[in-house]
Every structure is written in structure tokens, then in C-alpha cells.
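Colleague: Below: one structure in C-alpha cells.
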Amino acid sequence: MTPERWTWILNFAGFQVGWFACVLGGAYDLGTAGACAGLLLLLAHLAKTPNRTAELKLILCAGLLGTLFDIALIQIGAMRFQSSALGAGFAPEWMIVLWMLFAATLNVSLDWLRRKLWLGTVAGAISGPLAYLAGERLGAMEVIDRQTLLLLLIVGWGTAVPLLAHLSTRFNGFATPAVYLK
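In our numbering, the protein residues as written are 21 to 202.
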């Protein structure tokens with residue numbers, strides 16, 4: 021198996037492990053522990069990234085975008101979380117790390133989204149809401165207004181995925197310098 025294939029597999033598996041660590045941490049009032057586990061995975065990802073600065077910019081942009089989106093969903097009254105280390109009405113730390121973990125897949129296991137942004141819209145509109153509903157089923161969050169939440173998740177994730185995929189072309193920690201010259 022090629023080194024590139026191993027990188028892809030480890031990136032995909034790392035996201036899955038991080039997702040469960042964060043969501044189950046949130047469900048069992050161990051959100052900070054889940055966030056720390058996710059941050060360790062991000063550090064491991066960055067350690068293998070040739071251009072850490074570019075990759076970190078993408079990860080931080082996704083963290084900010086996701087935080088603002090989740091705060092809006094909370095403030096609208098569509099969902100709520102048991103607790104947040106950042107205070108009531110804010111996205112919990114583990115949710116912020118989830119957005120960052122998602123960004124860490126965009127230049128590796130989800131790099132194909134850059135070439136098909138329309139597919140990112142479809143994938144985001146489906147997978148984003150499913151991830152939140154899975155989090156609800158696991159006890160990490162409470163849905164207050166299901167219809168409003170689903171509508172906003174479809175629109176929000178259908179927009180966020182292609183936007184972040186596009187940003188990943190600019191902030192590509194795995195690109196060779198020649199890519200930046202084009």
C-alpha cells in the first residue's frame with residue numbers, strides 16, 4: 021500500500037475516532053475530555069502536514085465558521101447542549117473541535133470535494149444533518165425545534181462544505197509549492 025493511501029486511511033479513521041470521542045464526551049458530560057482527544061488527533065494530523073501554517077489556517081477558519089453557525093442554532097432555539105465550558109448559549113468546546121477535525125479531512129480524505137463543489141453541497145446537505153441527529157441519538161445534544169433545525173442544517177451544511185472545500189484550495193497543507201504558482 022502506498023504512503024498516500026495510508027495517509028488517506030489514517031485521516032479518515034482519525035476523523036471517525038475524533039467524532040465519537042467528541043460526541044460521546046458531550047453526551048457523558050466529558051466534553052472537555054472529548055475536545056482534548058480531538059485536539060490530540062489534530063496535533064497528530066498537523067505533525068504529518070508538510071505546510072502546517074496553511075493547514076492550520078483552514079482548520080481555524082472552519083472552527084470559527086462552525087462556532088458561529090452552532091451559536092446561531094442555539095440562539096434561534098433550534099437546539100441546546102447540556103453544557104459548554106464557554107458558557108450558556110455558546111457552542112461547546114467539543115463541537116468546535118468537531119468542525120476543526122472536519123477541516124482536517126478536506127485536504128486528504130475529502131480532497132475530491134475541491135473538484136466537485138456541487139457535490140459538496142449535496143454531501144453537506146445530507147451528512148451535516150445526519151451527524152447532528154446521530155449526536156442527538158447518542159445524547160450529546162437536545163433538539164428543540166426539529167423542523168427549523170433540519171432546514172437550517174441542510175442550508176448551513178450545504179453551504180459550509182463547498183465553502184470550506186474551496187478554502188482548502190487556498191489553505192492546502194499538503195500541496196506542493198508548484199500548486200501555489202498556478
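Idealized CB from N, CA, C, for every residue including glycine.
Computed from a predicted structure; not experimentally measured.
#1: Taking DSSP's pairing of strands, which residues face residue 100 in a bridge?
#2: Measuring CB atoms only, is the region 113-130 touching the region 26-37, in the sense that at least three cross pairs come out at less than 8 Å?
#3: Please confirm whether residue 119 and residue 160 have their CB atoms less than 9 Å apart.
#4: Does residue 21 come out as helix, strand or coil in the three-state DSSP assignment?
#5: Just to confirm my understanding: we take residue 105, look at its own chain, exclude 5 residues before and 5 after, and list those with CB closer than 6 Å. What are they?
#6: Would you report the Cα separation of residue 121 and residue 165, rounded to the nearest angstrom?
#7: When the Cα atoms are used, what is the spatial distance from residue 195 to residue 133?
#8: Taking three-plus beta-carbon pairs below 8 Å as touching, is the region 167-184 in contact with the region 88-108?
#9: Closer than 8 Å by C-beta to residue 143: which residues in its own chain qualify, once you throw out the five before and the five after it? Chain order, please.
#10: What does a CB cutoff of less than 6 Å around residue 55 pick up in its chain, not counting 5 residues either side in sequence?
#11: Can you tell me whether DSSP reads residue 71 as helix, strand or coil?
#12: Which word fits residue 111, buried or exposed, when buried means at least 16 other C-beta atoms lie within 10 angstroms of its C-beta?
#13: What are the start and end residues of the alpha helix (DSSP H) that includes residue 157?
#14: Short of 6 Å in beta carbon distance, which residues of its chain neighbour residue 10, apart from the five on each side in sequence? Order them along the chain.
#15: Starting from the Cα of residue 102, find the closest Cα among 84, 162, 24 and 183 and give me that residue.
#16: Nearest to residue 46 by CA position, among 191, 190 and 100, is which residue?
#17: Just mark residue 75 as buried or exposed, buried being the case when its beta carbon has 16 or more other beta carbons within 10 Å.
Modeller: Per the coordinate set shown:
#1: 162
#2: yes
#3: no
#4: coil
#5: 52 and 113
#6: 27 Å
#7: 15 Å
#8: yes
#9: 133 and 181
#10: 113, 114 and 117
#11: coil
#12: buried
#13: 137-157
#14: For residue 10 there is no data in the structure shown, the boundaries of the chain being 21 and 202.
#15: 162
#16: 100
#17: buried
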